[in-house]
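For reference, the structure discussed in these notes is given below.
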Amino acid sequence: MSNHDEIALMAHLMRRAGFGADRDQLERLVAQGYEETVEQLVDPPADVPRADIDELFRYMPSLASGGPDTTPGAANWLYHMVNTQRPLEEKMALFWHHVFATGNSKVDNDNHLIAQIDMWRDHGMGNYRDLLVMLAQNPAMIYWLDNHENHKRAPNENWGRELLELFSLGVGHYTEKDVFECARAFTGWTIGPKMPRVPNHRFFFQYEFRPEEHDYGQKEFLGHRGNFDGFDIIDIILEQPACPRFIVRHLYNFFVADETQVPAWNIEPPRDPEAIEELAGVFVDSGFELKPVLRTLFNSDFFKEAMFQKVRSPIETVVGTLRMTGDLQGVQRELPQVSQASAHMGQSLHNPPSVEGWQTGRDWINSGAVVGRINFVADRVSNTELPGVRRIVERVAASNGQQMTADQLVDQCVDLVGPLDVSEQTRLELISHATEEGPLSWAGDDNWSRSSERVGEMLALIAATTEYQFG
Amino acid sequence: MLTKSVAGRTWHFSHSIGHFVGPEGFTHSTPIASTRDGVLYVADTGLSEYAGSATGGALGSVIRRRRITDEFLAEMGRGEVIWPEGLALCQDGNVWCTDAYQHFVVGYDREGNEVGRWGEFGSGEGQFNRPSGIAFDADDTAFVVDSLNHRVQRYTKDGQYLGSWGSEGSEEGQLSQPWGMTIDQEGAVFIADWRNDRVQKFAPDGEFLVRFGSRFDDVDDGGALNRPADVAVDSEGDVYVVDWGNNRVQIYYPDGDIICGLYGDARVFSKSAQAVMDVNADYMRAFNRVTPLELINLGKFDRPRGIAIDGQDRIAVTDGARGRVQVYVKDHDYVIPQFNA
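Protein chains in written order, with my numbering: chain A, 1 to 471; chain B, 472 to 812.
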């Protein structure tokens, strides 16, 4: 494999398992080796730090909690994603936020969404059974799917239905009777009363099991009969062959290549059935541990061959751009404002549109969202004061002596923002623009200054190409 | 405990001030300073980081002056300070505030008129990188914690640079992103050494004297600190440290040994909070459903941030995330009641 191909593959890994990496980091990682890098992403050493949350709360205490407004929580999470050195933890938190979608539009107490995301950050690469138990006992989820109204004599089926349909098996692998029996098993899994928020700010809900509300009677669920409670239901779900296939298809859709939308999964076969079977086998053999599955996925040929087969989500676009350009590093006053950029592109953190999560893939792109997306990236990559852009400029300047043709400018920029795989037509259009002002010169301060600006302009143009929207 | 007697000393919880709502209430109360007769200056970061523009700045950072008995007097600095990190009073009664966002120190008189401003971003003499704690000695020399430069700078109150000491590290006498500070009656300087989870006491020239907090000890004697935010000293020399990460205030003997901790006891509403409850029956009904046991949670500190002690040893602690100030009193004449002996 050539060095260029190794860089391209490492860039692919870092875009998917993280939020991208600049060329200096890619070169270091290539020297370290692909499999070793996968290992560090999946199982980072204890001394590799997350973003420093104490530092955030020291200077911006209002971002520690939220009420009806999701801005503090979104800013809090953006800070984590931009500053962490454990990017796969944040990616897995995003993954579970999409699969176990919970929205503050109903919860109306964003403290609990912040706490839920913290939970995915801590445990998102752990054991799937543990995650289901945590989810079933999570106050935000209980309120979101009405399990606090799931009583012995009046079972509410919302949580039970979504547990089967969206969180574990998928449509077609259970009956209405199973939904009802599942709901009965989770009666009494509720939240206790909390201190009123006025006048001393918000207090937390706590999970509470109320025996008097729980239905201890016999249930029939997915062919089993017994006095099941929620734990038993989760164990029976894990015995179903559909369960591992459903979850690893989500992982494939999130990390490898865009699938059809989830509601169609019971009629549309997977894009790569062999990959799903391989991952599902690892998932079951490991006792539903996530790390072995992720390790297998990132080291697989089907992953390595899937470059640019996913449309970047809005938050991937935002965080990837901030990390590439070096913008918004550390605690910055602009965090809340910038945290809303992905919402303007169609992905409002802490507020998925429904319990189904977001429609992904090409559904991220529409006429409104694409303008916001291009403007956000272009504003930053054209700012040659930002440290990451400055490093790109320096690499471009050092690549070909003091003179540079339009072709060379385009090829260098396309390489350094990816390497990006652009069509010949796109390349010619970029060259056409670059040719208007003739060759570049890096000799002397004035020439350097103008050539730097032209690099920034070219990066902004690349951000507007179709190819750049894929990651 | 509403009354705590330890080692011949007694503290009573007195009352709380402020609440989360209303124009005179706090949202996120941060540093605090007190005159000897109990006039408090309390900074509040508000919600300006995300709600300021929507509210025309009404929820932005501000400094409020009020009596320790919960009487609002005035406000200052609205729209001028952004990240208030430290407050201190000098002899003429002016209050000085450090702004970690704008990297300067700004002073106001009692009416809120600006009386001076100094500092700029940098690491040279007279420059700051996120200035934090501030205190004046008996001669009105200002000591300013220069947090991300990991040092303490000295100035005249007019902003003339006098010198600095300190370096980054965890060795004795070194600092790591320090936060609050105070100066005792003897002129000793106490620094909340934030990232090192300790408080250090220095002579005015920077000579290390005593350490508070047990992170570097083999055995935890109960005096551990987790990201200490501020420090104060009472009239008898006992040292109070706001243990931000552990949601408590730790009290130490002057030599560094632990005495006890305060955890927050504001189970009764402040005057202003009660006024809100009195006119809103729904709020009151909601509280009537809370069990006495759960009410204990109402009183606990949640990210306590600053501390100030007046001439009568009334101890005011800003209870950051609860939007209030909790006031304790050290009782010098306490006798255990006979029936309780």
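Backbone N, C-alpha and C define an ideal beta-carbon position, used for all residues, glycine too. This one's a predicted model, so the numbers in the text were calculated from it and none came from an experiment.
message: Give me the residue from 58(A), 72(A), 48(A), 200(A) with the minimum Cα distance to residue 350(A).
response: Among 58(A), 72(A), 48(A), 200(A), the Cα nearest to that of residue 350(A) belongs to 72(A).
query: Shorter than 7 angstroms from the beta carbon of residue 490(B) to some beta carbon of chain A?
result: Yes - at least one Cβ of chain A is within 7 angstroms of the one on residue 490(B).
Contact list for residue 789(B) against chain A, beta-carbon separation under 8 angstroms: Correct list: empty, because the minimum Cβ distance to chain A is about 11 angstroms.
- request: Starting from the Cα of residue 658(B), find the closest Cα among 780(B), 673(B), 506(B), 757(B) and give me that residue.
  value: Nearest of 780(B), 673(B), 506(B), 757(B) to residue 658(B), Cα basis: 673(B).
query: What three-state label does DSSP hand residue 223(A) in the structure shown?
result: Annotated three-state conformation of residue 223(A) is coil, per DSSP.
message: Do residue 704(B) and residue 778(B) count as a contact pair if the criterion is CB distance below 7 angstroms?
response: No, Cβ-Cβ distance for residue 778(B) and residue 704(B) is not below 7 angstroms.
message: For residue 576(B) and residue 605(B), which I take to be in contact (beta-carbon distance under 8 angstroms), what is that distance rounded to the nearest angstrom?
response: Indeed they touch by this definition, with Cβ atoms about 7 angstroms apart.
- prompt: Would a check of beta-carbon distances place residue 499(B) closer than 7 angstroms to chain A?
  reply: For residue 499(B), the answer is yes, since a Cβ of chain A falls inside 7 angstroms of its Cβ.
task: Please check if any C-beta of chain A sits within less than 7 angstroms of the C-beta of residue 578(B).
output: By this cut-off, residue 578(B) is not an interface position.
query: Does the stretch 316 to 323 of chain A come within contact of the stretch 263 to 272 of chain A, defined as at least 3 CB pairs closer than 8 angstroms?
result: No, the stretch 316 to 323 of chain A does not touch the stretch 263 to 272 of chain A.
Cross-chain neighbours of residue 518(B) in chain A, by beta carbon under 8 angstroms: What residue 518(B) touches in chain A, judged by beta-carbon distance under 8 angstroms, is 62, going in chain order.
query: Using a C-beta to C-beta distance shorter than 7 angstroms, which residues of chain B count as neighbours of residue 59(A)?
result: In chain order: 554, 571.
- prompt: Whose C-alpha, out of 115(A), 68(A), 50(A), is nearest the C-alpha of residue 89(A)?
  reply: Comparing alpha-carbon positions, the option among 115(A), 68(A), 50(A) lying closest to residue 89(A) turns out to be 50(A).
- prompt: When DSSP labels each residue in this structure, what does residue 291(A) get in the three-state scheme?
  reply: Here DSSP, grouped into helix, strand and coil, assigns residue 291(A) to helix.
- request: Using alpha carbons as the reference points, say which of 597(B), 559(B), 775(B) lies closest to residue 732(B).
  value: Proximity to residue 732(B) across 597(B), 559(B), 775(B) peaks at 775(B), based on C-alpha coordinates.
task: Give the interface partners of residue 740(B) over in chain E, defined as CB-CB distance under 9 angstroms, in chain order.
output: This model lacks chain E altogether, as its protein chains are A and B.
- request: Please list the partners that residue 754(B) has in chain A, where partner means a Cβ-to-Cβ separation under 7 angstroms.
  value: Near residue 754(B) (Cβ distances below 7 angstroms), the residues of chain A are 196, 198.
Beta-ladder partner(s) of residue 486(B), from DSSP: Listed as beta-bridge partners of residue 486(B) by DSSP are 798(B).
- request: Locate the alpha helix (DSSP H) running through residue 202(A), then write down its first and last residues.
  value: Secondary structure note for residue 202(A): it is in no alpha helix (DSSP H), with a DSSP letter that is neither H nor E.
field: Beta-carbon proximity of residue 618(B) to residue 648(B), cut-off 7 angstroms
entry: Here residue 618(B) is near residue 648(B), since their CB atoms are less than 7 angstroms apart.
- prompt: Of all the CB atoms in chain A, is at least one closer than 7 angstroms to the CB of residue 523(B)?
  reply: Here residue 523(B) scores only 46 on pLDDT, less than 50, and its place in the model should not be relied on; the value that follows carries that caveat. Output row for residue 523(B): interface = no.
Sequence-distant residues of its chain with Cβ nearer than 7 angstroms to residue 166(A) (five each side left out): Excluding sequence neighbours, residue 166(A) sits near 355, 356.
message: Quick check: what's the CA-CA separation for residue 379(A) versus residue 373(A)?
response: Taking the straight line from one Cα to the other gives about 10 angstroms.
- request: Could you pull out every residue in the same chain whose Cβ sits closer than 7 angstroms to the Cβ of residue 243(A), ignoring the five residues on either side in sequence?
  value: Only residues of its own chain outside the window of five on either side were considered, and among them 168, 169, 237 have a CB closer than 7 angstroms to the CB of residue 243(A), listed in chain order.
field: Status (buried if at least 16 other CB within 10 Å, exposed otherwise) for residue 750(B)
entry: Exposed, by the Cβ-count rule.
- prompt: Quick one: does residue 258(A) have its CB under 7 angstroms from some CB of chain B?
  reply: No - not a single Cβ of chain B is within 7 angstroms of the one on residue 258(A).
query: Under the three-state reduction of DSSP, which class applies to residue 8(A): helix, strand or coil?
result: Residue 8(A) falls in the helix class under three-state DSSP.
field: the stretch 200 to 225 of chain A: positions lying closer than 8 angstroms to chain B by Cβ
entry: Those residues of the stretch 200 to 225 of chain A that come within reach of chain B (Cβ to Cβ, closer than 8 angstroms) are 200, 201, 203.
query: First and last residue of the beta strand (DSSP E) that includes residue 569(B)?
result: Start and end: 566 to 570.
- request: Whole angstroms is fine: what's the gap from residue 671(B)'s alpha carbon to residue 339(A)'s?
  value: Rounded to whole angstroms, the separation of the alpha carbons of residue 339(A) and residue 671(B) is 38 angstroms.
- prompt: Between residue 747(B) and chain A, is there a C-beta pair that is closer than 7 angstroms?
  reply: Yes - at least one Cβ of chain A is within 7 angstroms of the one on residue 747(B).
query: Is any beta-carbon of chain A found at less than 7 angstroms from that of residue 793(B)?
result: For residue 793(B), the answer is yes, since a Cβ of chain A falls inside 7 angstroms of its Cβ.
- prompt: Pick from 55(A), 109(A), 116(A): whose alpha carbon is nearest that of residue 100(A)?
  reply: Nearest Cα to residue 100(A) within the set 55(A), 109(A), 116(A): 116(A).
task: Anything in chain B within Cβ reach of residue 65(A), meaning under 8 angstroms, just list it in chain order.
output: Near residue 65(A) (Cβ distances below 8 angstroms), the residues of chain B are 792.
query: My guess is that residue 798(B) and residue 786(B) are in contact by the Cβ rule of under 8 angstroms, so how many angstroms apart are they, rounded?
result: Between the beta-carbon of residue 798(B) and that of residue 786(B) there is about 7 angstroms, and that keeps the pair under the 8 angstroms contact cut.
field: Assigned secondary structure, residue 111(A) (DSSP; H/G/I helix, E/B strand, else coil)
entry: Here residue 111(A) sits in helix by DSSP.
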